[in-house]
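*Asks:*
Residue numbers (the UniProt record's numbering): 1 to 145.
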(Lines of atoms letter the chains of each structure in order from A and count residues from 1; the text may use other names and numbers.)
(Lines give C-alpha, C1' and ligand atoms only; values in the text may rest on other atoms or scores of the structure.)
Protein backbone atom coordinates (compact mmCIF):
# COMPACT_ATOMS: atom_id res chain seq x y z
CA UNK A 1 0.00 0.00 0.00
CA UNK A 2 1.07 3.59 -0.50
CA UNK A 3 0.18 6.57 1.68
CA UNK A 4 -1.62 9.27 -0.29
CA UNK A 5 0.27 12.54 -0.35
CA UNK A 6 3.60 11.27 1.00
CA UNK A 7 4.04 8.22 -1.23
CA UNK A 8 5.39 6.29 1.77
CA UNK A 9 4.98 2.55 1.29
CA UNK A 10 3.46 0.26 3.89
CA UNK A 11 2.75 -3.44 4.27
CA UNK A 12 -0.81 -4.41 5.21
CA UNK A 13 -1.83 -7.63 6.95
CA UNK A 14 -5.59 -8.30 6.89
CA UNK A 15 -7.71 -10.67 8.94
CA UNK A 16 -11.42 -11.34 8.39
CA UNK A 17 -13.62 -11.06 11.52
CA UNK A 18 -16.13 -13.88 10.87
CA UNK A 19 -16.07 -17.65 11.46
CA UNK A 20 -14.48 -19.81 14.16
CA UNK A 21 -11.03 -20.36 12.65
CA UNK A 22 -11.08 -16.73 11.56
CA UNK A 23 -11.92 -15.70 15.14
CA UNK A 24 -8.71 -17.36 16.30
CA UNK A 25 -6.82 -15.57 13.55
CA UNK A 26 -8.34 -12.25 14.67
CA UNK A 27 -7.23 -12.91 18.25
CA UNK A 28 -3.75 -13.78 17.00
CA UNK A 29 -3.67 -10.55 14.99
CA UNK A 30 -4.75 -8.56 18.07
CA UNK A 31 -1.92 -10.18 20.03
CA UNK A 32 0.53 -9.34 17.24
CA UNK A 33 -0.67 -5.71 17.25
CA UNK A 34 0.00 -5.49 20.98
CA UNK A 35 3.47 -7.00 20.64
CA UNK A 36 4.51 -4.80 17.73
CA UNK A 37 3.16 -1.75 19.52
CA UNK A 38 5.71 -2.21 22.31
CA UNK A 39 8.74 -2.91 20.08
CA UNK A 40 10.87 -0.16 18.57
CA UNK A 41 14.15 -1.21 16.95
CA UNK A 42 15.76 -0.72 13.51
CA UNK A 43 15.85 -4.50 12.99
CA UNK A 44 12.20 -5.13 13.91
CA UNK A 45 9.36 -4.14 11.58
CA UNK A 46 7.51 -1.10 12.93
CA UNK A 47 3.76 -0.97 13.44
CA UNK A 48 2.31 2.16 11.86
CA UNK A 49 -1.29 1.61 12.86
CA UNK A 50 -4.37 -0.56 12.65
CA UNK A 51 -7.80 -0.16 11.10
CA UNK A 52 -10.97 -1.96 12.08
CA UNK A 53 -13.60 -2.28 9.37
CA UNK A 54 -16.92 -4.12 9.74
CA UNK A 55 -15.38 -7.23 8.12
CA UNK A 56 -11.62 -6.97 8.70
CA UNK A 57 -8.82 -5.92 11.01
CA UNK A 58 -5.95 -4.35 9.05
CA UNK A 59 -2.46 -4.13 10.52
CA UNK A 60 -0.36 -1.45 8.80
CA UNK A 61 3.41 -1.86 9.10
CA UNK A 62 6.43 -0.20 7.59
CA UNK A 63 7.40 -1.63 4.21
CA UNK A 64 10.63 -3.49 5.04
CA UNK A 65 11.51 -4.72 1.55
CA UNK A 66 10.46 -6.80 -1.42
CA UNK A 67 11.82 -10.22 -0.44
CA UNK A 68 12.53 -12.29 2.61
CA UNK A 69 15.84 -13.95 3.44
CA UNK A 70 14.72 -17.35 2.11
CA UNK A 71 13.54 -15.97 -1.26
CA UNK A 72 16.74 -13.97 -1.63
CA UNK A 73 18.96 -16.96 -0.93
CA UNK A 74 16.98 -19.18 -3.31
CA UNK A 75 17.43 -16.60 -6.07
CA UNK A 76 21.22 -16.53 -5.75
CA UNK A 77 23.33 -18.51 -8.21
CA UNK A 78 25.62 -19.73 -5.43
CA UNK A 79 22.71 -20.28 -3.02
CA UNK A 80 24.63 -18.50 -0.26
CA UNK A 81 25.55 -15.06 0.99
CA UNK A 82 29.11 -13.80 1.14
CA UNK A 83 30.68 -14.14 4.57
CA UNK A 84 30.69 -10.37 5.11
CA UNK A 85 27.03 -9.93 4.18
CA UNK A 86 25.99 -12.98 6.21
CA UNK A 87 27.72 -11.56 9.29
CA UNK A 88 26.15 -8.13 8.71
CA UNK A 89 22.62 -9.57 8.39
CA UNK A 90 23.10 -11.96 11.32
CA UNK A 91 24.22 -9.08 13.55
CA UNK A 92 21.10 -7.10 12.62
CA UNK A 93 18.79 -10.07 13.21
CA UNK A 94 20.46 -10.85 16.56
CA UNK A 95 20.12 -7.20 17.64
CA UNK A 96 16.42 -7.25 16.75
CA UNK A 97 15.83 -10.50 18.64
CA UNK A 98 17.81 -9.20 21.64
CA UNK A 99 15.57 -6.12 21.69
CA UNK A 100 12.48 -8.35 21.65
CA UNK A 101 13.85 -10.34 24.58
CA UNK A 102 14.67 -7.14 26.50
CA UNK A 103 10.98 -6.20 26.06
CA UNK A 104 9.87 -9.61 27.34
CA UNK A 105 8.86 -10.97 23.91
CA UNK A 106 9.88 -14.33 22.42
CA UNK A 107 9.36 -14.45 18.62
CA UNK A 108 9.04 -18.29 18.55
CA UNK A 109 9.00 -18.55 14.74
CA UNK A 110 12.32 -17.05 13.66
CA UNK A 111 13.22 -18.45 10.24
CA UNK A 112 14.48 -17.06 6.91
CA UNK A 113 10.89 -16.49 5.72
CA UNK A 114 10.31 -14.15 8.70
CA UNK A 115 13.28 -11.89 7.99
CA UNK A 116 12.68 -9.29 5.26
CA UNK A 117 15.55 -7.64 3.40
CA UNK A 118 15.63 -4.08 2.12
CA UNK A 119 15.68 -3.37 -1.62
CA UNK A 120 19.51 -3.26 -1.61
CA UNK A 121 19.71 -6.46 0.47
CA UNK A 122 21.84 -4.84 3.18
CA UNK A 123 19.25 -4.34 5.92
CA UNK A 124 17.34 -7.12 7.70
CA UNK A 125 14.13 -6.75 9.71
CA UNK A 126 12.40 -9.41 11.79
CA UNK A 127 8.69 -9.70 10.89
CA UNK A 128 5.61 -11.84 11.69
CA UNK A 129 5.08 -11.88 15.42
CA UNK A 130 1.88 -13.94 15.15
CA UNK A 131 3.32 -16.85 17.16
CA UNK A 132 5.21 -14.68 19.64
CA UNK A 133 4.63 -14.95 23.34
CA UNK A 134 5.67 -13.40 26.60
CA UNK A 135 9.01 -14.63 27.91
CA UNK A 136 7.23 -15.11 31.24
CA UNK A 137 4.90 -17.72 29.65
CA UNK A 138 5.77 -21.43 29.90
CA UNK A 139 7.78 -22.60 26.89
CA UNK A 140 6.24 -24.84 24.26
CA UNK A 141 7.38 -25.89 20.81
CA UNK A 142 5.78 -23.92 17.95
CA UNK A 143 6.65 -22.93 14.39
CA UNK A 144 8.39 -24.82 11.64
CA UNK A 145 10.76 -27.69 12.38
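Each residue gets a CB set at the ideal place from its N, CA and C atoms; glycine is no exception.
Alpha carbon to alpha carbon, how far is residue 8 from residue 64? Give it in angstroms, no decimals.
*Replies:* Position 64 of the chain shown holds residue 64. Position 8 of the chain shown holds residue 8. Going by the C-alpha atoms only, they are around 12 Å apart.
*Asks:* Can you grab the Cα-Cα spacing for the pair residue 80 / residue 55, in whole Å?
*Replies:* Here the question's residue 80 lines up with position 80 in the chain shown. Here the question's residue 55 lines up with position 55 in the chain shown. Distance between the alpha carbons of residue 80 and residue 55 is about 42 Å.
*Asks:* Could you spell out where the alpha helix (DSSP H) holding residue 107 opens and where it closes?
*Replies:* Along the chain shown, read from residue 1 onward, the residue named residue 107 stands at position 107. Careful: residue 107 lies outside any alpha helix (DSSP H) and carries neither H nor E.
*Asks:* Would you call the CB atoms of residue 36 and residue 47 closer than 8 Å?
*Replies:* Against the chain shown, residue 36 aligns to sequence position 36. Against the chain shown, residue 47 aligns to sequence position 47. Yes, the Cβ-Cβ distance between residue 36 and residue 47 is below 8 Å.
*Asks:* Measuring alpha carbon to alpha carbon, tell me which of 61, 94, 121, 60 ends up nearest residue 70.
*Replies:* Here residue 70 refers to the residue found at position 70 of the chain shown. Nearest C-alpha to residue 70: 121.
*Asks:* Exposed or buried, which one is residue 90 when buried takes at least 16 other CB atoms within 10 Å?
*Replies:* Taking the chain shown and counting its residues from 1, one reaches residue 90 at position 90. It counts as exposed.
*Asks:* Name the DSSP bridge partner or partners of residue 116?
*Replies:* On the chain shown, residue 116 is found 116 positions in, with the first residue counted as 1. Beta-bridge pairing links residue 116 to 68, 125.
*Asks:* Could you check how far apart the C-beta atoms of residue 13 and residue 59 are, in whole angstroms? I think they sit under 8 Å.
*Replies:* Walking along the chain shown from the start, residue 13 turns up at place 13. Walking along the chain shown from the start, residue 59 turns up at place 59. The Cβ separation is near 4 Å, so the contact holds.
*Asks:* Which complete beta strand (DSSP E) runs does the region 21 to 91 hold, if anything under 3 residues is left out?
*Replies:* DSSP runs (the beta strand (DSSP E)) wholly in the region 21 to 91: 47 to 52, 56 to 62.
*Asks:* To the nearest whole angstrom, what separates the beta carbons of residue 87 and residue 97, a pair I think is in contact under 8 Å?
*Replies:* In the chain shown, counting from the first residue as 1, residue 87 sits at position 87. In the chain shown, counting from the first residue as 1, residue 97 sits at position 97. Rounded, the Cβ-Cβ distance is 16 Å, inconsistent with contact.
*Asks:* Please classify residue 1: is it buried, with 16 or more other beta-carbons within 10 angstroms of its beta-carbon, or exposed?
*Replies:* Indexing the chain shown from 1 puts residue 1 at position 1. Classification for residue 1: exposed.
*Asks:* By a C-beta neighbour count over all protein chains shown, 10 Å radius and 16 as the cutoff for buried, is residue 72 buried or exposed?
*Replies:* Sequence index remark: in the chain shown, residue 72 carries index 72 (1-based). So residue 72 ends up on the buried side.
*Asks:* Could you tell me the alpha carbon to alpha carbon distance between residue 93 and residue 123, rounded to whole angstroms?
*Replies:* Here residue 93 refers to the residue found at position 93 of the chain shown. Here residue 123 refers to the residue found at position 123 of the chain shown. Cα-Cα distance, rounded: 9 Å.
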